[in-house]
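Those protein sequence lines, which keep their order, are chains A and B. Using our numbering, the letters of the first sequence correspond one by one to residues 10 to 386. Using our numbering, the letters of the second sequence correspond one by one to residues 1013 to 1330. C-beta: ideal position from N, C-alpha, C; glycine also. Note that the structure is predicted; figures quoted are calculated from it, not measured. Inspection log for the structure reproduced underneath, given as C-alpha cells.
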Amino acid sequence: MSLIRLLAVARKEIIHIRRDVRSLFIVVIMPVTLMLLFGYGVSLDLKHLPICVYDQDGSQQSQDMLKRFQASEYFHIERAVNSYSAVSRALDDGSAKMALVIPWDFSRRLRDGAPVSVQALVDATDDNTANILIGYTQAVLQSYSARLQTDWLQQRGQLLQPATVSVETRTWYNEDLESSDFIVPGVLALVMSVIGTFLTSLTIAREWERGSMEQLISTPVTAMEIMLGKLIPYFVLGMFDVAVCAVIAIVWFQVPFRGSFLTLAVSSALFLTVVLALGFFISVAAKNQFAASQIALLVTFLPAFLLSGFLFSIEQMPVFLQWFTYIIPARYFVSVLKDVFLKDTPMAMLSAQLIPLAAFACVLALVAARTFHKRLE
Amino acid sequence: MPEPPCSVVIENLVKRFGSFVAVDHINLAVRKGEVFGFLGPNGAGKSTTIRMLCGLLRPTSGRALVAGIDVARKPEAVRQKIGYMSQKFSLYNDLKVIENLRLFAGLYSVPAGELRGRIDWALEMANLKGQENLITGTLPGGWKQRLALGSAVLHRPPILFLDEPTSGVDPISRRQFWDLIHEMAQEGVTVFVTTHYMEEAEYCNRLALIFRGKMVTLGTPTELKRDSMKGDLLLVECDSLGRAVEALQSAPGVLDAAVFGSALHLVVAGAAEASPRIRSYLAERGIAVRRIEQIRPSLEDVFVSLTAGHGARQEATA
C-alpha cells in the first residue's frame, strides 16, 4: 500500500465530485430535501379527520354527545346531513371519512335507561385510518357513557361511585407521540444509503464507460489503493451529511437527542462502510453507470425505505418478511438511530445492532476488494 | 559490439477470446532503444498484444517478458517500468492538464522532491507550457495526445507502449508526435508502437507486419521493401485502368496486378524483359501505354502483396 498513490486517487476523485453538478447536488441538497420532505410530508398522526353526522333525534342530548366529538382533536365535524343518501354521498366523494348516525329514539331510550347504539359508517379504503377512527370513536363514546352512568346513579341518590379501573398512560421516549420524532432519525439511514451506494455505484462504472480505467490500471496503483482512494472521499462526505442531518433533526425538527454522539458516529461509520462497499461492488460488477445506479436503488434505497423499520414497523410485517429484514443492514442502523435519538441506551446495549453492522461492513468490504481486478476481462 | 539486451521478448504468445484467435503464436524480440512498429489493419491483434504486454490481459498461452520480467507473473513490477498510451484517449476530461499530470505522477510514485521538475519537463516536452489550467476535455486532439504521452512518461520509464497514438490526429501533430518518439528513443527509451498508417511505419527502426493474429514478416522498412516482394515492381500508366488490370491479371509473367491511384502496380519476375512484353500485350487489346517503369516498392505494396497471399491461402484452407 502506497500513501502517495492512494492520495493521488483520492484527490482525483474529489475533483470529479467537485466538478460534477449532479454529485454535488446529491451530496449537499439531497440530505436537506429528504429531511424536510420526511419531517413535514410524512406524518403518521391522524388528526382532524373529517366526519359527517346524521342526527335523526336532534335533541339536547344528541347534541351534547356530538359536542364531545367536536371537542376531540381527532375529529372535525365537516357537516350535518339529514338523509342516508347524503351520508353515502359524503363517504363516496371522500369529504367525510366517517359518518355518525344517531337514531331518532336516542334521547327517549336514554331517559328510559334502555341501551342505545349509535351507528358509525367508516370509509375503510385505508384500513389503518379506519381502525384508528373506530378506536377514537369507541373511546369518545365510552367516556360519554361512563359520564351518563354516574349522572344516572347520582340522580337516584347513589353517592357511592362504583369501582372502576382506568389507565394512566405515560408515553416514554416520545412523550408527545410526535411521528416526526420517530421518522426523522430514520431519514439518516435513507440519506446514507443514497450517498453511499448510489454515488459510489457510479465511480468504477464511469471509469469503464469513459475508457479511463484502461489507463488507470496500466499504472502500478493497486486494486486496494483504487478502492480506498475512491471510497475515502465519499466516506468523509457521508459523515458530513450525518452531521448535517443530525443538526436539522435536532435544531429544526426539535427531535430530542438523548444518546451519545459517539454512538451516532460509530454506528454511522459502520453503516457507511457497508453502503460504500456495496456500491463499489455493484459498480465493479455492473461496469455500466445506468445499470449500476438502478441496482443500487433496488438493493439499498428500497430496502432501507421499506424494510428497515424506518416507516413501517418490522413487528407488524409478515413473519417471512421479518426474517428477511435481518439481511437488510439498514434495519440495524435505523434501530440504533431511534435509540440514540429518543433513548439514552448505552453503546454496550446496542451491541445486538452494532455487531451485525460491523459484520456486514467487514464482509462487504472484503467482497468488494476481492471482486475488483486490474484486468480488462 | 555485443547485442544490446532485449526490452521486450515475446515467446509463442497466444490470446483466444472464445473460439476467436486474436493473437496466434507470435514470437519477437525488441531491442533496447529501438522504435519498434507493429503494423497491421484494424482487428489484426495489435491492441490485444500490447495489452498483454502491459499486463491488462492474461495470455492464453505463451510468455511475454518486459524489461526481463514475466508480465503474467509480476504485472505490478512491470508497470513501474513501462508507460502506456491506450488507443482511445483515456485521461480524465474533467481534470485540468496539470491535475492529470499530478495524478499520474502520484500513481507512478514520483517523489515529492522531483515532482515539479518532472511535471515541468513533461509540459515542456508535450509543448503544453502555459496551458496547465485548461480543462483537458477542451484541448484539441493533438494536444490531448501529447498530454497522454507526457502523463505516461512522468516516471521516465525505460519502455513505452503506444497503441495507435496518432489515430484521429491531424498530419502536422502526427509529425510532431513522431519527433517526440524519436527524441525519447535517442535517450535510450524502447518504444513499442502500433499503427495502421503506412507512412508512419517508415519512421520505425524495425517493423512487424501482423495480419489476422499472425506475424507475417519482420524487418527494417528497407529490408521489407527490398526482400519481401517476390519479383520487381512496375508502374504502368495507361488508358482504361479497369480493363487493363483485368487483362493483366491473367497475362503471362505477371504475378500480381493492382490499381494504385491513377496507375497500375504490377509484380513481375524481371522488370527489363517484362516491360516490352506488357506494352505489346496491352497494345494488342487496344490499350495505349503512356509510361512504364520499374519503381521501388512502398511499404504499402509490401503489405498488400504479403497479406493478399496470406489471406488467399487462409481462405483456401478454410
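Task: Cβ separation of R1158 (chain B) and I1131 (chain B), assumed to be a contact under 8 Å, to the nearest whole Å - done: In fact, because the Cβ distance is near 14 Å, the residues do not count as touching under 8 Å.
Task: Proximity below 7 Å, CB of D1175 (chain B) to CB of T1206 (chain B) - done: yes
Task: Nonlocal neighbours in the same chain, by C-beta distance under 7 Å from S302 (chain A), ignoring five residues either side - done: Within the same chain, S302 (chain A) has close Cβ partners F207, S210 and L211.
Open item on the list: Between the alpha carbons of V343 (chain A) and M356 (chain A), how many angstroms are there, rounded?
Closed with: 15 Å
TODO: Measure the C-alpha to C-alpha separation of L435 (chain A) and Y63 (chain A) and round it to an integer number of angstroms.
DONE: The requested residue 435 (chain A) is not part of the displayed model; chain A covers only 10 to 386.
Task: Against chain A: residues of the region 1093-1110 of chain B by CB proximity under 7 Å - done: Y1096, S1098, K1100, S1102, L1103, Y1104, D1106 and L1107
TODO: Specify whether the region 1091-1101 of chain B and the region 1058-1066 of chain B touch according to this definition: at least 3 beta carbon pairs, one from each stretch, less than 8 Å apart.
DONE: yes
Open item on the list: Considering only their Cβ atoms, is the gap separating T1202 (chain B) from G1052 (chain B) smaller than 7 Å?
Closed with: Against a cut-off of 7 Å, the Cβ pair of T1202 (chain B) and G1052 (chain B) comes out as no contact.
Open item on the list: Counting only Cβ-Cβ distances shorter than 7 Å, please list the residues of the region 284-295 of chain A near chain B, keeping chain order.
Closed with: Result list empty, no residue passes.
Task: Sequence ranges, alpha helix (DSSP H) only - wholly within the region 1100-1159 of chain B, length at least 4 - done: 1109-1119 and 1124-1137, all fully within the region 1100-1159 of chain B.
Open item on the list: If distances are taken between C-alpha atoms only, which option among B:A1256, B:G1282, B:M1196 and B:R1218 comes closest to S1274 (chain B)?
Closed with: B:A1256
- [ ] With a 10 Å radius around its C-beta and 16 neighbouring C-beta atoms as the bar for buried, classify P1123 (chain B) as buried or exposed.
- [x] exposed
Open item on the list: Is there a Cβ of chain A sitting closer than 7 Å to that of G1118 (chain B), yes or no?
Closed with: yes
- [ ] Spell out a yes or no on whether the region 29-49 of chain A and the region 1136-1145 of chain B are touching, meaning 3 or more CB-CB pairs, one atom from each, closer than 8 Å.
- [x] no
Open item on the list: For a contact defined as C-beta to C-beta under 7 Å, what are the partners of L1068 (chain B) on chain A?
Closed with: E223, I226, S227, R384 and L385
Open item on the list: As a quick exercise: from B:L1161, B:K1086 and B:C1216, pick the residue whose alpha carbon is nearest that of T1232 (chain B).
Closed with: B:C1216
Task: Delimiting residues of the beta strand (DSSP E) encompassing T159 (chain A) - done: From DSSP, T159 (chain A) is part of no beta strand (DSSP E) but of the alpha helix (DSSP H) over D136 to Q164.
Task: Where the beta strand (DSSP E) containing S1019 (chain B) begins and where it ends - done: First-last of the beta strand (DSSP E) with S1019 (chain B): C1018 to F1029.
Open item on the list: Let's test the definition: count the other Cβ atoms within 10 Å of the Cβ of N1112 (chain B) and tell me whether it reaches 16, buried, or not, exposed.
Closed with: buried
Open item on the list: Let me confirm a value: E1285 (chain B) is counted as buried when at least 16 other C-beta atoms fall within 10 Å, else exposed. Which label applies?
Closed with: exposed
Open item on the list: Taking the alpha helix (DSSP H) that Q224 (chain A) belongs to, which residues open and close that run?
Closed with: S221 to I226
TODO: Return the CA-CA distance between V316 (chain A) and V1035 (chain B), expressed in angstroms with no decimal places.
DONE: The sequence shown places Leu at residue 316 (chain A), rather than the Val named in the question. Going by the C-alpha atoms only, they are around 52 Å apart.
Open item on the list: Please confirm whether R379 (chain A) has its beta-carbon closer than 7 Å to some beta-carbon of chain B.
Closed with: no
Open item on the list: Using C-beta distances below 7 Å, list every residue in its chain close to V18 (chain A), excluding the 5 sequence neighbours before and after it, in chain order.
Closed with: Excluding sequence neighbours, V18 (chain A) sits near V230, E234, I235, G238 and K239.
TODO: Say whether chain A places a C-beta atom closer than 7 Å to the C-beta of E1285 (chain B).
DONE: no
TODO: Write down every uninterrupted run of the beta strand (DSSP E) in the region 1177-1249 of chain B whose length is 3 residues or greater and which is fully enclosed by it, in chain order.
DONE: 1202-1207, 1218-1223 and 1226-1231
Task: Beta carbon proximity, S1185 (chain B) to chain A, threshold 7 Å - done: no
Task: Supposed contact pair D66 (chain A) and P112 (chain A) - C-beta distance, whole angstroms, cut 8 Å - done: 7 Å
Task: C-beta neighbour in chain A for E1327 (chain B), strict 7 Å - done: Summary for E1327 (chain B): the model assigns pLDDT 37, below 50, so the residue's position carries little reliability; its value from the coordinates is reported in the next sentence. So no, E1327 (chain B) is outside the interface.
Open item on the list: Distance check for W161 (chain A) and R118 (chain A), CA to CA, integer angstroms please.
Closed with: 13 Å
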